[in-house]
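For reference, the structure is listed below as structure tokens.
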Amino acid sequence: MFELRHRDAMGRLGTLEAGGRRMETPALLPVVSPKLQKIKLRELREMGFEGVITNSYLIHRDEGLREKALKGGVHRLLDYDGLVMTDSGSYQLYEYGRVEIGAREIVEFQDAIGTDIGVILDIPTPPDVTRERALAELEETLSRAQESVGVERRCLLAGTVQGSTHPDLREESARRMGSLGFDLHPIGGVVPLMEAYRFRDLADVILRSKLRLPPERPVHLFGCGHPMIFSFAAALGCDLFDSAAYALYAKDGRYMTPEGTLRLEEMYTLPCTCPVCSRYEAQELRAMDIGEREVELARHNLYASLQEIKRVRQAIHEGSLWALVEQRARSHPRLLEALTAALGYEVLERSDPVTKGSPFFYSGEESLQRPEVRRHFLRLRELDTQGRELVLLPEGRRSPGPASGKKYHICRASPVFGVVPQELEDVYPLGSYEGPSPPTGAQVGFMQAAVAAYAKGFGHVHTHSSLDLGIGETFEDPAGFGPGDVETKLRGMADYQFGRGAGRLLVRRIRVEWARTGRMRRLYSGKKLLATVRASDGFYVLGMEGAKRLLGLPAPRNRVVVDKEAGEFVGAGRNAFAKFVRAADPEIRPHQEVLVVDGDDSLLATGRALLNGPEMLAFRRGIAVRVRHGLRDEEGEAQGGEGDDDPG
Ligand code: GUN
Ligand code: ZN
1 MFELRHRDAM
11 GRLGTLEAGG
21 RRMETPALLP
31 VVSPKLQKIK
41 LRELREMGFE
51 GVITNSYLIH
61 RDEGLREKAL
71 KGGVHRLLDY
81 DGLVMTDSGS
91 YQLYEYGRVE
101 IGAREIVEFQ
111 DAIGTDIGVI
121 LDIPTPPDVT
131 RERALAELEE
141 TLSRAQESVG
151 VERRCLLAGT
161 VQGSTHPDLR
171 EESARRMGSL
181 GFDLHPIGGV
191 VPLMEAYRFR
201 DLADVILRSK
211 LRLPPERPVH
221 LFGCGHPMIF
231 SFAAALGCDL
241 FDSAAYALYA
251 KDGRYMTPEG
261 TLRLEEMYTL
271 PCTCPVCSRY
281 EAQELRAMDI
291 GEREVELARH
301 NLYASLQEIK
311 RVRQAIHEGS
321 LWALVEQRAR
331 SHPRLLEALT
341 AALGYEVLER
351 SDPVTKGSPF
361 FYSGEESLQR
371 PEVRRHFLRL
381 RELDTQGREL
391 VLLPEGRRSP
401 GPASGKKYHI
411 CRASPVFGVV
421 PQELEDVYPL
431 GSYEGPSPPT
441 GAQVGFMQAA
451 VAAYAKGFGH
461 VHTHSSLDLG
471 IGETFEDPAG
481 FGPGDVETKL
491 RGMADYQFGR
501 GAGRLLVRRI
511 RVEWARTGRM
521 RRLYSGKKLL
531 ATVRASDGFY
541 VLGMEGAKRL
551 LGLPAPRNRV
561 VVDKEAGEFV
571 GAGRNAFAKF
581 VRAADPEIRP
591 HQEVLVVDGD
601 DSLLATGRAL
611 LNGPEMLAFR
621 RGIAVRVRHG
631 LRDEEGEAQG
641 GEGDDDPG
């Protein structure tokens, strides 16, 4: 019921299906009132909202609404044919301390009125309560969860993660909720954090929940309705948002923008081009009667929210979500500090694609902590530099210059990626990044630390005099370092991409085909294609012969094991679906080139992973590996498989 189509950071562009209705994610579900809704749902639908959320407890409590909903269903009650999610009354529990309904009863009621997604009656524990209280309420929520999943129903059911601000309880809550048969998981009890701009605590809550939740289930962030944090929450892996903020803010004369909130009374103009802001000037809105003004403001707030959701989707599609998050983090210091803290969590790197459609743009100090940079340092360790001398050049010295070879390992000191070996100059993201010139003081400090750490692995270090690093012997003229050779470069690229040892397996007795641009294009062994060097990101796209060679790396490296019944299709060049994956290298990252094998480790195909290793085992829907070549797909091989396809 959830299918992932594109991804960036931990953000996911996907499709959620419930009750025969489909919704694109990330999505915002406006909170609608069954009774006092001022903007009609038909209009919400026309604006582009594919789903809404309403409160089943309020419907249940009102006899008229209850009868109508039981008779005609909640969609008819709301006059809406999109996806309807219902909350359970937990919020009333939080506000008033009690509700007049049982945990099982409210789930049965939600199903009876035909909701598409129901929610259990969880206990929203506020932040900062004692561990004892948080634990006791969590146990109660889990016991209700257990009772609720047992209810026979047609709707999807959401099991809320609680645990207050106790990191271990959030993790435990996520792990135990995840072990029950829910379809998706809201993260609850976070509204007070957002109201107080405690985004760092919010990030901790989200990431600890994501760490333990099953990756194939969508995650909903309860009460998150400000466009300023959509990109951040999406980058941390939230798929759904809901909020009444558009209406509450409007009532209070507040105008939402992706950079923050403005007060209508203080506005000179309406800096937006939605239908409301195109039609009226700030002065005219202020002059309206209060009810009409509230509705127009709510409309604008909805347009502004939806626009930001769409921007997040576009950023995921093109691989620029971190850049968007970094921009938005400039809107408020609490958000910037939260981003910096969040980038310290290792879990981010596991979902971040290894290659993206957008170049890496440095936009501030926190760019240096992005997963792309951290991964680069991890991958550098895969290079085989034994017995070679390190030569350090300044950033500006790209080719032509000396090339790495058997004797010298030539690197640029980079104020964005620390160390860039000459072997990897064309490989993503090292081949296409942009930073300010001259670099900032923070970048120089970062570069110096990175170079010093890298240099420790070498017996001999030669440093260009302009670098002023205080490491090794200095030199003026790099011309003496060489000669370089193509094999060293090709092997370095293979080790960086597939792991240490890959270069020696893949690059032996080869013939290189060059492009007219002077770049390497294809590697052959005799007439057989080993790999294509993809022009867009410098990564190898394997031919079957190259893939066979990489089977020389010990299992499970780079491997996806599929079921017998799928083997035949995959061998014929069809995609490998997640439901047929039996095992996968846990180190596989999204968009990595992988080997598809059968249970005996015989090669079936090669292709691009769309999921990381653990996700391949968890997902039951969608493609795990987009296959380029299968065992019995000679035609594809003969064509050479350029593989510059859509990165999704
Ligand atoms: N709405 C806002 N926060 C919460 C929460 O923690 N649980 C539920 N069920 N609804 C919410
Ligand atoms: Zn507007």
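Residue 174 in this note's numbering sits at position 174 of the sequence shown; the count goes up by one each step and never skips.
Yeah, the Cβ is synthetic: ideal placement off N, Cα and C, and Gly gets one too.
Alpha-carbon to alpha-carbon, residue j and residue i
| i | j | result |
| --- | --- | --- |
| Arg313 | Asp79 | 28 Å |
| Ala605 | Arg632 | 9 Å |
| Tyr197 | Ala250 | 19 Å |
| Gly223 | Ala134 | 20 Å |
| Val99 | Gln110 | 15 Å |
| Glu296 | Ser363 | 36 Å |
| Asp204 | Thr125 | 16 Å |
| Gln443 | Glu152 | 58 Å |
| Glu265 | His6 | 41 Å |
| Glu587 | Tyr345 | 17 Å |
| Gly546 | Leu378 | 24 Å |
| Glu17 | Leu44 | 19 Å |
| Leu58 | Gly89 | 7 Å |
| Gln37 | Ala555 | 58 Å |
| Arg370 | Gly441 | 18 Å |
| Lys310 | Arg200 | 24 Å |
| Glu372 | Gly97 | 46 Å |
| Gly482 | Leu610 | 40 Å |
| Glu259 | Met194 | 15 Å |
Cβ distance (whole Å) where residue i is taken to contact residue j below 8 Å
| i | j | result |
| --- | --- | --- |
| Thr517 | Glu423 | Thr517 to Glu423, Cβ: 18 Å. No contact. |
| Gly11 | Ala234 | 4 Å |
| Arg334 | Met228 | Rounded, the Cβ-Cβ distance is 10 Å, inconsistent with contact. |
| Ser305 | Tyr246 | 6 Å |
| Leu302 | Pro30 | 6 Å |
| Glu147 | Ala103 | 6 Å |
| Ala298 | Ile39 | 6 Å |
| Gly607 | Val597 | Not quite, the Cβ-Cβ distance comes to about 12 Å (not below 8 Å), so this is no contact. |
Of the listed residues the options, nearest to residue i (C-alpha basis)
| i | options | result |
| --- | --- | --- |
| Gly319 | Val461, Gln92, Asp8 and Gly20 | Asp8 |
| Ile316 | Glu337, Ser231, Ser278 and Met1 | Ser231 |
| Ala287 | Cys272, Met267 and Leu121 | Met267 |
| Lys35 | Leu77, Asp128, Arg5 and Ala27 | Leu77 |
| Arg149 | Asp183, Ser536, His332 and Arg519 | For the sequence presented, residue 149 should be read as Val rather than Arg. Comparing Cα positions, the closest option is Asp183. |
| Met544 | Val627, Arg519 and Arg589 | Val627 |
| Asp116 | Arg5, Gly573, Thr54 and Leu213 | Thr54 |
| Ala453 | Leu469, Gly237, Asp201 and Gly538 | Leu469 |
| Arg131 | Leu169, Ala555 and Leu41 | Leu169 |
| Arg42 | Leu551, Leu83 and Val219 | Leu83 |
| His166 | Arg144, Arg154, Gly178 and Ile206 | Ile206 |
| Gly51 | Leu70, Gly72, Glu24 and Ser351 | Glu24 |
| Thr385 | Arg491, Arg66, Gly291 and Gln162 | Arg491 |
| Arg22 | Met85, Leu70 and Ser33 | Met85 |
| Gly613 | Arg508, Pro127, Glu195 and Pro215 | Pro215 |
Heavy atom of ligand 2 within 7 Å of residue i beta-carbon
| i | result |
| --- | --- |
| His300 | yes |
| Leu262 | no |
| Leu270 | yes |
| Tyr433 | no |
| Ala282 | no |
| Ala555 | no |
| Cys411 | no |
Contact test: residue i Cβ vs ligand 1 heavy atom, cutoff 7 Å
| i | result |
| --- | --- |
| Pro124 | yes |
| Phe222 | yes |
| Asp116 | no |
| Gly445 | no |
| Tyr57 | no |
| Val191 | yes |
| Thr160 | yes |
| Ser88 | yes |
| Tyr428 | no |
| Gly188 | yes |
| Tyr540 | no |
| Val149 | no |
| Tyr246 | no |
According to DSSP, residues forming a beta bridge with residue i
| i | result |
| --- | --- |
| His185 | Val219 |
| Ser243 | Pro30 |
| Ala53 | The sequence given here has Ile at residue 53, not Ala. Answer by DSSP bridge pairing, in chain order: Val31 and Met85. |
| Gly607 | Val594 and Val627 |
| Asp120 | According to the sequence shown, residue 120 is Ile rather than Asp. Ile120 is not bridged to any residue. |
| Glu389 | Tyr408 |
Below-8 Å beta-carbon distance, residue i vs any chain B residue
| i | result |
| --- | --- |
| Gly97 | The structure shown has no chain B; it contains just one protein chain. |
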